[in-house]
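Colleague:
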Amino acid sequence: MKASTDLDTLTDFFDRYGVALTAGDVSAIAGCYALPGMVVADTYSFSFTSPAAVALSFVGAAPDYQERELVAANAQFEDVQQISALLTEVAVRWEFLDSQGRAVPGERYRYLLRATEGGPAICTVIRTA
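Below you can see the structure in the form of structure tokens.
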């Protein structure tokens with residue numbers, strides 16, 4: 026195993042993650058995370074140590090996606106850096122599509138990914154400006 030900076034591998038991973046986000050599939054979202062994991066923002070941070078804790082942290086996001094009628098998510102890579110033998114940092118700007126096919130701008134995040142036997146897994150998420 027080694028850290029992946031391969032755009033096809035990263036695209037496949039973030040496509041799967043984006044589908045899980047917009048479908049509200051908290052089990053699939055949890056499957057995208059390495060444990061323990063962490064989310065960091067300007068005013069809060071939290072960590073989780075189990076798939077159930079990851080799923081619980083995303084339960085509130087599903088109604089927001091549904092209310093905004095977001096049906097697809099596309100990760101735009103802004104930067105990809107190999108940090109170590111197993112870690113990759115990826116800067117992503119999310120763009121969504123609504124049920125009318127209109128582009129809806131999303132937020133920017135930095136993801137610290139760990140290479141695992143099953144592919145990349147999110148260790149840390151940082152919401153950026």
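Each residue of the sequence shown is one higher than the one before, counting from 26 in the numbering used here. The C-beta atom is built at its ideal place from N, Cα and C for all residues, glycine as well.
(1) Please check if any C-beta of chain B sits within less than 8 Å of the C-beta of M63.
(2) Can you give me the start and stop residues for the alpha helix (DSSP H) that L35 sits inside?
(3) Assuming A45 and L112 are in contact, meaning their beta carbons sit under 8 Å apart, how far apart are those beta carbons, in whole angstroms?
(4) Do you know how far the Cα of N99 is from the Cα of E132?
(5) Using the three-state DSSP reduction, which class does S109 fall into: helix, strand or coil?
(6) Output needed for R118: all residues of its chain with C-beta closer than 6 Å, excluding positions within five of it in sequence on either side, in chain order.
(7) Is V79 helix, strand or coil when you go by DSSP?
(8) Which residues in the same chain as E94 place their Cβ atom closer than 7 Å to its Cβ, once the five residues preceding and following it in sequence are excluded?
(9) Within its chain, find whatever has a CB closer than 7 Å to the CB of T74; leave out the 5 residues flanking it on each side and keep chain order.
Modeller: Here's the rundown:
(1) Of the protein chains in the structure, only one exists, and it is not chain B.
(2) Taking the first residue of the sequence shown as position 1, residue 35 is located at position 10. If you look at L35, you'll find it in the alpha helix (DSSP H) that goes L32 to A48.
(3) Counting from one through the sequence shown, the residue named residue 45 turns up at place 20. Counting from one through the sequence shown, the residue named residue 112 turns up at place 87. With 8 Å as the limit, A45 and L112 do not qualify as a contact, their Cβ atoms being about 22 Å apart.
(4) Indexing the sequence shown from 1 puts residue 132 at position 107. Indexing the sequence shown from 1 puts residue 99 at position 74. Near 11 Å, if we compare the C-alpha coordinates of N99 and E132.
(5) For the purposes of this step, residue 109 is taken as the residue at position 84 of the sequence shown. In this structure, S109 counts as coil in the three-state DSSP scheme.
(6) By one-based count along the sequence shown, residue 118 stands at place 93. Take R118, set aside five residues on each side of it, and the residues of its chain with a beta-carbon closer than 6 Å to its own are Q101, E103 and R133, in chain order.
(7) Taking the first residue of the sequence shown as position 1, residue 79 is located at position 54. The three-state reading of DSSP puts V79 in helix, counting H, G and I together.
(8) Taking the first residue of the sequence shown as 1, we reach residue 94 at position 69. Non-local C-beta neighbours of E94 in its own chain, meaning closer than 7 Å and more than five positions away in sequence, comprise D123 and S124, ordered along the chain.
(9) Against the sequence shown, residue 74 aligns to sequence position 49. Sequence-distant Cβ neighbours of T74 in its own chain, meaning closer than 7 Å and more than five residues away, are L60 and P61.
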